[in-house]
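Enquirer: Just passing along the structure, written as structure tokens.
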Amino acid sequence: MTVEAQKESRGFQTEAKQLLHLMIHSLYSNQEIFLRELVSNASDAADKLRFEALSTPELIANDADLKIRIEFDKEAGTLTIADNGIGMSRDEVIENLGTIARSGTGKFLEQLTGDQKKDSHLIGQFGVGFYSAFIVADKVDVFTRRAGASASEGVHWECHGEAEYTIENAEKDSRGTTVVLHLKEDAREFADGWRLRSIIKKYSDHIALPVEMLKEAAPAMGEEGEEKAEDAAPEYEVVNAAKAMWTRPRSEVTAEEYKEFYKHIAHDFEDPLAWSHNKVEGKLDYTSLLFIPSRAPFDLYQRDAARGLKLYVQRTFIMDDAEQFLPLYLRFVKGVLDSNDLPLNVSREILQNDRNIDAIKSALTKRVLDMLGKLASKDAEQYAKFWDLFGNVLKEGPAEDFANKEKVAKLLRFSSTHTDNAKQDQSIEDYVSRMKEGQDKIYYVCADNFATAKSSPYLEVFRKKGIEVLLLSDQIDEWFVGHMNEFDGKQFQDVAKGALDLGEAETEEDKSAREEAEKAAEGLVERVKGVLESRVDEVRVSTRLTESPACLVVSEHDMGPQMRRILEQAGQALPESKPIFELNPEHPLVKRLDQEADEDRFADLTNVLMDQASLAAGDQLEDPADYVRRLNSLLLELSK
Numbered sequence: 001m002t003v004e005a006q007k008e009s010r011g012f013q014t015e016a017k018q019l020l021h022l023m024i025h026s027l028y029s030n031q032e033i034f035l036r037e038l039v040s041n042a043s044d045a046a047d048k049l050r051f052e053a054l055s056t057p058e059l060i061a062n063d064a065d066l067k068i069r070i071e072f073d074k075e076a077g078t079l080t081i082a083d084n085g086i087g088m089s090r091d092e093v094i095e096n097l098g099t100i101a102r103s104g105t106g107k108f109l110e111q112l113t114g115d116q117k118k119d120s121h122l123i124g125q126f127g128v129g130f131y132s133a134f135i136v137a138d139k140v141d142v143f144t145r146r147a148g149a150s151a152s153e154g155v156h157w158e159c160h161g162e163a164e165y166t167i168e169n170a171e172k173d174s175r176g177t178t179v180v181l182h183l184k185e186d187a188r189e190f191a192d193g194w195r196l197r198s199i200i201k202k203y204s205d206h207i208a209l210p211v212e213m214l215k216e217a218a219p220a221m222g223e224e225g226e227e228k229a230e231d232a233a234p235e236y237e238v239v240n241a242a243k244a245m246w247t248r249p250r251s252e253v254t255a256e257e258y259k260e261f262y263k264h265i266a267h268d269f270e271d272p273l274a275w276s277h278n279k280v281e282g283k284l285d286y287t288s289l290l291f292i293p294s295r296a297p298f299d300l301y302q303r304d305a306a307r308g309l310k311l312y313v314q315r316t317f318i319m320d321d322a323e324q325f326l327p328l329y330l331r332f333v334k335g336v337l338d339s340n341d342l343p344l345n346v347s348r349e350i351l352q353n354d355r356n357i358d359a360i361k362s363a364l365t366k367r368v369l370d371m372l373g374k375l376a377s378k379d380a381e382q383y384a385k386f387w388d389l390f391g392n393v394l395k396e397g398p399a400e401d402f403a404n405k406e407k408v409a410k411l412l413r414f415s416s417t418h419t420d421n422a423k424q425d426q427s428i429e430d431y432v433s434r435m436k437e438g439q440d441k442i443y444y445v446c447a448d449n450f451a452t453a454k455s456s457p458y459l460e461v462f463r464k465k466g467i468e469v470l471l472l473s474d475q476i477d478e479w480f481v482g483h484m485n486e487f488d489g490k491q492f493q494d495v496a497k498g499a500l501d502l503g504e505a506e507t508e509e510d511k512s513a514r515e516e517a518e519k520a521a522e523g524l525v526e527r528v529k530g531v532l533e534s535r536v537d538e539v540r541v542s543t544r545l546t547e548s549p550a551c552l553v554v555s556e557h558d559m560g561p562q563m564r565r566i567l568e569q570a571g572q573a574l575p576e577s578k579p580i581f582e583l584n585p586e587h588p589l590v591k592r593l594d595q596e597a598d599e600d601r602f603a604d605l606t607n608v609l610m611d612q613a614s615l616a617a618g619d620q621l622e623d624p625a626d627y628v629r630r631l632n633s634l635l636l637e638l639s640k
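All residue numbers for the sequence shown refer to the UniProt record's numbering, where the first residue is 1 and numbers rise by one.
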């Protein structure tokens, strides 16, 4: 089959057309970012070649000097970025350039806000950085050849940023990829050596691959003062540092360099919140450079999504998402790990079984937690931003990482009755420091939202006695507390579950009053129990309530309503359980109920109190219409 016969036109998918339209209309607020994306892609191609060459050395044997070369032509208005990395086959070109971030484009488009500056930050995150080329170019040519393929197996991809692209076989003498941008008239500034050098220095200085450009010097002059023709081959010079940043001493790396390196490896456009650069020598030799992002990835809550660190072994790239070196609850961390203690032919299977992995994982986990602890103590504002982004993920820690349970717990933040605002800015250590004398429990209440938690009837006796209660309103909270159990030797106690134990906060006078109230209400309790026998497990006098007439309490060993709703939404079968109905005998409505002689009216009043208690707890009524009917009937009687 001839080369020409292999030429074909193909259409982009619908989402890709939308994306190209956005790119062409300058989604980026800063045009120069396109060069960073293309240089990063070229660097990745070199990393992938190095890795494949570990098992197939002949792929790199004839051209082991990996580099990126950038050239421009002012007159033609073109800019060329070439690499001698892994390259692509025809099928890979169609897969990688023809469908545009197959799994991410839809999510990317969904998250667009219409704000160019904000939307531009999403590009790298969703793997669509190559298409930033169309911000400055009205035509892009890609010439590529897969390592190991013959010259005749080269591929030419061409696109004008419209609904279609063409692809054909093309002779290519060497492996790798060459991207040629035909610059728009208003982007001709990028066909300038000084401009390109400044962009590379700004964004790509840290890349461990040399970026070369033609050496620009004043023209040599002949004896008559005319320019002297040069027959020598063009001379290229390296315009970036071309040294892996993590191999440099911390004292030699500036904050700006750390920030730019993070943006490169994380495909992010915002500065990280914090970073930690560390070299370990001894039983294990490795270097780590870890970052806390200032933006949550779109797939943060997809626990099976790709995650992990960029893994290098003896400066050789091994894999992008080495997930074995950090626990799942720290999946938001980005960074690089370079180890001297893992085999160069490392594979995922070896990683799972290598005994050094656990040691490195343990050390890196503590380093991340220490980094967060330092951020929390030194910069409360930045830590508050971190908590808003990743707090719910961090709450997974106590269940997954027993060894660091207390360390993780100190990093957690909650709302509480101490401040009574929705901001989660109170630590468990703060709570413990404010505990009443003789208090031996950490009290909390779970609810679907902050407003429900704040106004919960379960808090009444705690407010009366000035005892602080944590207000937990995130979906994960009840699950988290079930695994946390205690902190600093103090048990967690759900104020809506089981018999209330106030410890030494309950005085002898309180106990005597409770016993008297229970004795006085024995008859009422029995009557209520008869009415609600099918709906509740028990009826008793409440020690929680001071203002409300009644509340529902979960048995000590039963699942709370928050967890029940989560499991129900997940389609899981729920164990049967009935709540405990608690009455406040001092409340006027309960006193009125006790005086009711008409058993039918007594039953209606009792059921109304039961339904109101369910609503106050944030539950849904099984029969709302019946509740409305009973309530309307009682209101009509009062109006007579």
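Yeah, the Cβ is synthetic: ideal placement off N, Cα and C, and Gly gets one too.
(1) Would you mind reading off the limits of the alpha helix (DSSP H) that contains M371?
(2) Does the distance from the CB of D321 to the CB of A306 come in under 7 Å?
(3) Compute the Euclidean distance between the alpha carbons of V333 and W275, then round it to the nearest angstrom.
(4) In its own chain, which residues sit with a C-beta less than 7 Å from the C-beta of E637, not counting the 5 before and 5 after it?
(5) Can you find a C-beta in chain C that's less than 7 Å from the C-beta of L49?
(6) At 4 residues or longer, what runs of the alpha helix (DSSP H) sit wholly inside the UniProt domain "Histidine kinase/HSP90-like ATPase" (30 to 187)?
(7) Based on Cα-Cα distance, which residue from T247, K454, K74 lies nearest to Y312?
(8) Ordered along the chain, which non-local residues of its own chain (more than five positions away) have a Cβ less than 6 Å from that of V628?
(9) Looking only at DSSP bridge pairs, what is S9 linked to?
(10) For E599 and K436, I'd like the C-alpha separation in whole angstroms.
(11) Taking the C-alpha atoms as reference points, what is the distance between T78 and L181?
(12) Can you tell me whether S198 is buried or exposed? The criterion is at least 16 other CB atoms within 10 Å of its CB, across all chains shown.
(13) Can you list, in chain order, the residues of its chain with a C-beta nearer than 7 Å to that of D440? Leave out the 5 residues immediately preceding and following it.
(14) Using only the alpha-carbon positions, how far apart do S415 and V432 sit?
(15) Along the chain, where does the alpha helix (DSSP H) that runs through W275 open and close?
(16) Going by C-alpha distance, which of G438, H264, R413 is nearest L471?
(17) Could you give the DSSP three-state label for residue 651: helix, strand or coil?
(18) With a threshold of 6 Å on Cβ separation, who are the neighbours of V3 within its own chain once the five nearest residues in sequence on each side are excluded?
(19) With a 10 Å radius around its C-beta and 16 neighbouring C-beta atoms as the bar for buried, classify G530 as buried or exposed.
(20) Mapping the DSSP letters down to three states, classify S473 as helix, strand or coil.
(21) With the cut-off set at 7 Å, would you say V368 and L411 are in Cβ contact?
(22) So which of E582, E526, S534, T546 has the shortest CA-CA distance to S555?
(23) In or out: T56 buried (at least 16 other Cβ within 10 Å) or exposed?
(24) Terminal residues of the continuous beta strand (DSSP E) containing M213?
(25) Under the rule that 16 or more other beta-carbon atoms within 10 Å means buried, what is A61, buried or exposed?
(26) Counting C-beta neighbours from all protein chains within 10 Å, is the total for G154 16 or more, i.e. buried, or is it exposed?
(27) Can you tell me whether S194 is buried or exposed? The criterion is at least 16 other CB atoms within 10 Å of its CB, across all chains shown.
(28) Take T287 and list the residues in its own chain whose beta-carbon comes closer than 6 Å to its own, dropping the five residues that flank it on each side.
(29) Which one of R188, G11, L372, E323 has the shortest CA to CA distance from E75?
(30) Is the segment 499 to 513 touching the segment 468 to 486 in the sense that three or more CB pairs, one from each, lie closer than 8 Å?
(31) Measure the alpha-carbon distance for G87 versus S40 and round it to whole angstroms.
(32) Under three-state DSSP, which class holds K578?
(33) Do the segment 382 to 395 and the segment 359 to 367 meet, that is, are 3 or more Cβ pairs less than 8 Å apart?
(34) Between the C-alpha atoms of E516 and E526, what's the straight-line distance to the nearest angstrom?
(35) Ends of the alpha helix (DSSP H) at A603?
(36) Reducing DSSP to helix, strand and coil, say where F480 ends up.
Expert: From the atom records:
(1) 355 to 378
(2) yes
(3) 10 Å
(4) none
(5) Here there is only one protein chain, and chain C is not present.
(6) 33 to 55, 90 to 97, 105 to 110, 116 to 120, 133 to 136
(7) T247
(8) none
(9) T166
(10) 45 Å
(11) 6 Å
(12) exposed
(13) K490, G503
(14) 14 Å
(15) W275 -> not in any alpha helix (DSSP H); beta strand (DSSP E) instead, spanning 274 to 280.
(16) R413
(17) With the chain covering only 1 through 640, there is no way to say anything about residue 651.
(18) The predicted model places V3 with a pLDDT of 46, which falls under 50 and marks its position as unreliable; any figure quoted below should be read in that light. Correct list, in chain order: N169.
(19) exposed
(20) coil
(21) no
(22) E582
(23) exposed
(24) 211 to 214
(25) exposed
(26) buried
(27) Reading off the sequence shown, one finds Trp at residue 194, where the question assumed Ser. It is exposed - the Cβ of W194 has fewer than 16 other Cβ atoms within 10 Å.
(28) W246, K279, D338
(29) R188
(30) no
(31) 14 Å
(32) coil
(33) no
(34) 16 Å
(35) 599 to 616
(36) helix
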